[in-house]
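Protein chains in written order, with the numbering used here: chain A, 27 to 528; chain B, 11 to 180; chain C, 2 to 82.
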Amino acid sequence: MKPISLVQIKPKAGTQAFFRWRQIGDDAILVTNLEGNWLILTEDEFTAYARGEVAPDSDLHGRLDEKNFLRASYDVQAASERVKARRYFVHGGPLLHVMVVTLRCNETCVYCHASRANMDAVHTDMTPEIARKAVDVALSSTNGFVTIEFQGGEPLVNFPVVKEIIEYATERNKEIKKRLEFTMVSNFALLTEEKLQYLLDNKVQLCTSIDGPEEVHNAQRKLPQTHNAYQAAARWIKRVNEAYIERGLDPSLYHVEALLTTTKKTLDYHEEVVDTYVKLGCNTIFLRPIDPFGFAERARLRLEYPRSKYLEFYRKSVDYMIELNKQGVQILERYAAIFLTKILRGEDPNFLDNRNPAGAGIGQIAYSYDGNIYSCDEGRMLAATGDETFKIGTVDSAYRQVVGHETVRAMAIATNLDQQPDCVNCAYNPYCGTNAAYNYKAQGSIFGRMRDNNVCAVHKGIQDYLFEKLAENDPETMQIFERWTTIRPREHFVQDPTQSED
Amino acid sequence: MSADQQTSIPDLPEALASANLGERSVSLNIDAELYPLQAVYGAAYIFIDRCYVFVDRPEAGKFRVTLAAKEGVEEVEALRSLVGEFANELISCAWRHQVTQDNRVAVETVTVQAIAGAMGEPSLDDLADFDFTDEALDDPLGIAQSWEEKHGRKEPKAEADAEAEGGASA
Amino acid sequence: MSADATKELRFPREVYAGTAVDEAVKVWGKFADFELSETEDHWVVKVTPKHEGAARQIIGEFGNYVLGLTVDRGGVDGGEA
Ligand code: SF4
Ligand code: SF4
Numbered sequence: 027m028k029p030i031s032l033v034q035i036k037p038k039a040g041t042q043a044f045f046r047w048r049q050i051g052d053d054a055i056l057v058t059n060l061e062g063n064w065l066i067l068t069e070d071e072f073t074a075y076a077r078g079e080v081a082p083d084s085d086l087h088g089r090l091d092e093k094n095f096l097r098a099s100y101d102v103q104a105a106s107e108r109v110k111a112r113r114y115f116v117h118g119g120p121l122l123h124v125m126v127v128t129l130r131c132n133e134t135c136v137y138c139h140a141s142r143a144n145m146d147a148v149h150t151d152m153t154p155e156i157a158r159k160a161v162d163v164a165l166s167s168t169n170g171f172v173t174i175e176f177q178g179g180e181p182l183v184n185f186p187v188v189k190e191i192i193e194y195a196t197e198r199n200k201e202i203k204k205r206l207e208f209t210m211v212s213n214f215a216l217l218t219e220e221k222l223q224y225l226l227d228n229k230v231q232l233c234t235s236i237d238g239p240e241e242v243h244n245a246q247r248k249l250p251q252t253h254n255a256y257q258a259a260a261r262w263i264k265r266v267n268e269a270y271i272e273r274g275l276d277p278s279l280y281h282v283e284a285l286l287t288t289t290k291k292t293l294d295y296h297e298e299v300v301d302t303y304v305k306l307g308c309n310t311i312f313l314r315p316i317d318p319f320g321f322a323e324r325a326r327l328r329l330e331y332p333r334s335k336y337l338e339f340y341r342k343s344v345d346y347m348i349e350l351n352k353q354g355v356q357i358l359e360r361y362a363a364i365f366l367t368k369i370l371r372g373e374d375p376n377f378l379d380n381r382n383p384a385g386a387g388i389g390q391i392a393y394s395y396d397g398n399i400y401s402c403d404e405g406r407m408l409a410a411t412g413d414e415t416f417k418i419g420t421v422d423s424a425y426r427q428v429v430g431h432e433t434v435r436a437m438a439i440a441t442n443l444d445q446q447p448d449c450v451n452c453a454y455n456p457y458c459g460t461n462a463a464y465n466y467k468a469q470g471s472i473f474g475r476m477r478d479n480n481v482c483a484v485h486k487g488i489q490d491y492l493f494e495k496l497a498e499n500d501p502e503t504m505q506i507f508e509r510w511t512t513i514r515p516r517e518h519f520v521q522d523p524t525q526s527e528d
Numbered sequence: 011m012s013a014d015q016q017t018s019i020p021d022l023p024e025a026l027a028s029a030n031l032g033e034r035s036v037s038l039n040i041d042a043e044l045y046p047l048q049a050v051y052g053a054a055y056i057f058i059d060r061c062y063v064f065v066d067r068p069e070a071g072k073f074r075v076t077l078a079a080k081e082g083v084e085e086v087e088a089l090r091s092l093v094g095e096f097a098n099e100l101i102s103c104a105w106r107h108q109v110t111q112d113n114r115v116a117v118e119t120v121t122v123q124a125i126a127g128a129m130g131e132p133s134l135d136d137l138a139d140f141d142f143t144d145e146a147l148d149d150p151l152g153i154a155q156s157w158e159e160k161h162g163r164k165e166p167k168a169e170a171d172a173e174a175e176g177g178a179s180a
Numbered sequence: 002m003s004a005d006a007t008k009e010l011r012f013p014r015e016v017y018a019g020t021a022v023d024e025a026v027k028v029w030g031k032f033a034d035f036e037l038s039e040t041e042d043h044w045v046v047k048v049t050p051k052h053e054g055a056a057r058q059i060i061g062e063f064g065n066y067v068l069g070l071t072v073d074r075g076g077v078d079g080g081e082a
């Protein structure tokens, strides 16, 4: 890409409303404004806009005016409405409550160190008493929506406490009447038909991990007895999906989704990864880069990769997914869907790691097996390595103490992109987010430094890709993107507070 | 830096920019009338992952920015492209600064309307709940004391592992 | 450490925040010895890196750190524009 030269353009302020810009192609410059409207301009159009020389009766003037890019006609009211729609979550309070019911795990994953303990480490099981107190804190949230997510370790290892939480929370919720949901992230290897029926009876949404084709998955996720973690997960994905159908649920909406952790090894397998997901009946792939929390430093070299390599992988994978969609296959990439919802719909899907300010403490809370409470799951993992920075209380603390903790405030300030030196000028500011715990772990400060921040690099790279596609404006691709941003609510998973479980 | 290694840069007047090959650095003189300090900060900040940046005030009404390449830049040509890029960023920052100033009132109005509107009026319950003994009263955002000061900012590592992943191309 | 590696940095007060210099000195104390003084216009810092091989890097990164902190704080008076 040949960079445009402002030395030659000689911009002049005065006529432009508040806006930011970024060159995304040889003759394509993205401009975005305060409220997240955007336009892609040619270099000539950008030059005219920059110099304040847009003819009032031109087509360009009309486009700029319609999207609120002109100072003379700036519509404050419309802008406020749009910002309000994007930031509706700021007063919500925590909706995601991650409960680590045990650290014990039957699997051994190469990137998972801080998060697991061996099967004999029974002292890392959450007790029923702590579990009930954790539920009490979670249900005190000011948010009308409460999702309890079971995590580990492997949550199925401490199934009695999972049940305790479900039953206690449902019972208490009869009075409190939140929109309560349960989700479980499990490797499925310890699932049984009986446990499955219980989870389905109680409308627990099930989610697992698939790291790609069998060979890649099994190289990264090891199961001691059978040595085939992939088969175990695949078998249960199939079974759970069947069970949804048995219960009369629409399979296009109700099926197991899986999470991917991209390691160095994954990078060579973009097609195979996508094909595996399609084969397993998943509609969503979340191409998550590996994060630095879970694993020991010495595993780093084997697993880590430059972010530019990840972004290449991302582009190839999503290109391939778009191709498949054109052939009628339904598969979407989660990052893309999150960003596109903000870009195309002006809404925020409230993905807690990618919003402004981020969700730590004000959108999510993590409860460790021992009763300690952290601002986020990453904070909990850091604590497992001896750094208690993100501890914001215990299950005995009052709710207001927990969410009002100074660390929560500091994180909200640090993840406000309008005070980040790079983000204030970045065209992607209206759609972006940063992660305070990541910044702290990787860069020594919750504020981080976006110049060489990996999360920023990933967010920037993905948005570059998406805006390039939007600039190409291929009708079929645009249709696919529209579909990716259509959220169909999964009402079945909402607990009905008026009904007692039987 | 020693003056004897000073080289001028082709196409750019020496009064504006000069290079020092021994130090792998380049200096630019900037008219403070045309470019406010905020713009100089903004442009300088953009280069701190690639260069060691130093800002000086050689005389009233002037800034001098010295960019010393962190690695691998030996050629006058490469230094010249750094100057070009810096000039571009400086114009961009000055322009952004002006656009932000021009629209400050509108931006503030929009933000206040959007955020305050969502909050609604405090209810009596909110007031009754409010913990008046909380330190938060004096310091609502808890920013009087830096959080990181209190909890200990971690030290940067001496070696260049911040660059190890280097994917953050702008 | 030999005095050769010592370098005097003169940070103009109009550009760099004094608190940023202080904080950077604290953070970088592990990698260099610092001697601070001031004139009417400058914060003067004599830096003697503890590792001669990395002297350029240490001095340079220290300077960047002071600049970075100053910018993070919104400039010398903290917050203007
Ligand atoms: S990632 Fe999950 S399944 Fe794998 S070892 Fe860690 S806790 Fe167990
Ligand atoms: S995090 Fe990076 S991509 Fe996102 S707004 Fe900030 S600078 Fe832009």
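C-beta atoms are modelled at their ideal positions from N, C-alpha and C, and glycine is treated no differently.
All of these numbers come straight from a predicted model, not from anything done at the bench.
Whether residue i touches residue j by CB criterion (8 angstroms)
i: ILE35 (chain A); j: ALA81 (chain A); result: no
i: CYS135 (chain A); j: ARG247 (chain A); result: yes
i: PHE365 (chain A); j: TYR457 (chain A); result: yes
i: GLU36 (chain C); j: LYS47 (chain C); result: yes
i: VAL133 (chain C); j: ARG67 (chain B); result: In the structure displayed, chain C extends from 2 to 82; residue 133 (chain C) sits before or after that span and is not available.
i: ASN213 (chain A); j: THR196 (chain A); result: no
i: GLY69 (chain C); j: TYR51 (chain B); result: no
i: ALA586 (chain A); j: ALA215 (chain A); result: It is not possible to answer for residue 586 (chain A), since the shown part of chain A is limited to 27 through 528.
i: TYR454 (chain A); j: LYS486 (chain A); result: yes
i: PHE44 (chain A); j: VAL36 (chain B); result: no
i: ASP151 (chain A); j: ASN184 (chain A); result: yes
i: TYR361 (chain A); j: ILE439 (chain A); result: no
i: VAL187 (chain A); j: ALA157 (chain A); result: yes
i: GLN257 (chain A); j: ASN309 (chain A); result: no
i: LEU350 (chain A); j: VAL304 (chain A); result: yes
i: ILE58 (chain B); j: ARG477 (chain A); result: yes
i: ARG48 (chain A); j: LEU279 (chain A); result: no
i: GLY307 (chain A); j: ASN267 (chain A); result: yes
i: ASN479 (chain A); j: ILE472 (chain A); result: no
i: ALA363 (chain A); j: THR503 (chain A); result: no
i: ALA384 (chain A); j: ASN461 (chain A); result: yes
Opposing strand residues paired with residue i [DSSP bridges]
i: ILE66 (chain A); result: A:LEU56
i: ALA386 (chain A); result: A:GLN390
i: PRO50 (chain C); result: C:ALA33
i: ILE174 (chain A); result: A:HIS123, A:PHE208
i: CYS233 (chain A); result: A:VAL211, A:GLU283
i: ALA79 (chain B); result: B:CYS61
i: ILE40 (chain B); result: B:PHE73
i: GLN42 (chain A); result: A:LEU96
i: SER167 (chain A); result: Answer by DSSP bridge pairing: none, since SER167 (chain A) is not bridged.
i: GLY419 (chain A); result: A:ILE399
Minimum Cβ-Cβ distance from residue i to chain D less than 8 angstroms
i: LYS264 (chain A); result: No chain D appears in this structure, whose protein chains are A, B and C.
**Message:** Please identify, using Cβ separations under 7 angstroms, the residues of the stretch 55–79 of chain B that lie next to chain A, in order along the chain.
**Reply:** Within the stretch 55–79 of chain B, those residues whose Cβ lies closer than 7 angstroms to any Cβ of chain A are, in chain order, TYR55, ILE58, ASP59.
**Members of the stretch 460–486 of chain A near chain C, C-beta cut-off 8 angstroms** = Listed by position, the residues of the stretch 460–486 of chain A near chain C (Cβ gap below 8 angstroms) are PHE473, ARG475.
**Positions along the stretch 99–110 of chain B whose CB lies within less than 7 angstroms of some CB in chain A** = Answer set for the stretch 99–110 of chain B: ILE101, SER102, TRP105, ARG106, GLN108, VAL109, THR110.
**Request:** Could you please tell me which residues of the stretch 33–53 of chain B, in chain order, have their CB closer than 7 angstroms to any CB of chain C?
**Result:** LEU47, GLN48, TYR51
**chain C contacts from the stretch 424–454 of chain A (Cβ-Cβ distance under 8 angstroms)** = PRO447
**Asked** Fully enclosed by the stretch 280–352 of chain A, which beta strand (DSSP E) runs are 3 residues long or longer?
**Response** Annotation: the stretch 280–352 of chain A contains the following complete segments of the beta strand (DSSP E) (minimum length 3 residues), in chain order: 283–288, 313–315.
**Prompt:** What are the residues of the stretch 39–60 of chain C that lie near chain A, defined by any Cβ-Cβ distance shorter than 8 angstroms?
**Reply:** none
**Item:** Residue list, Cβ distance to ligand 1 heavy atoms smaller than 6 angstroms
**Value:** A:CYS131, A:GLU133, A:THR134, A:CYS135, A:CYS138, A:SER141, A:ARG142, A:GLY178, A:GLY179, A:GLU180, A:ASN213, A:ARG247
**Asked** Which runs of the beta strand (DSSP E) spanning at least 3 residues fall entirely within the stretch 421–456 of chain A, listed in chain order?
**Response** Taking only runs of at least 3 residues, no beta strand (DSSP E) segment lies wholly in the stretch 421–456 of chain A.
**Request:** List in chain order the residues whose CB is within less than 6 angstroms of at least one heavy atom of ligand 2.
**Result:** A:LEU443, A:GLN446, A:ASP448, A:CYS449, A:CYS452, A:TYR454, A:ASN455, A:CYS458, A:THR460, A:MET476, A:CYS482, A:HIS485, A:LYS486
**Message:** List, from N- to C-terminal side, the beta strand (DSSP E) runs of 3 residues or more that fit wholly inside the stretch 107–160 of chain A.
**Reply:** 122–126
**Asked** Which ranges does the beta strand (DSSP E) cover as unbroken runs of at least 3 residues, wholly within the stretch 390–416 of chain A, from first to last along the chain?
**Response** 390–393, 398–400
**Message:** Residues of the stretch 3–37 of chain C in Cβ contact with chain B at a cutoff of 7 angstroms, in chain order, please.
**Reply:** PRO13, GLU15, VAL16, VAL28, LYS31, PHE32
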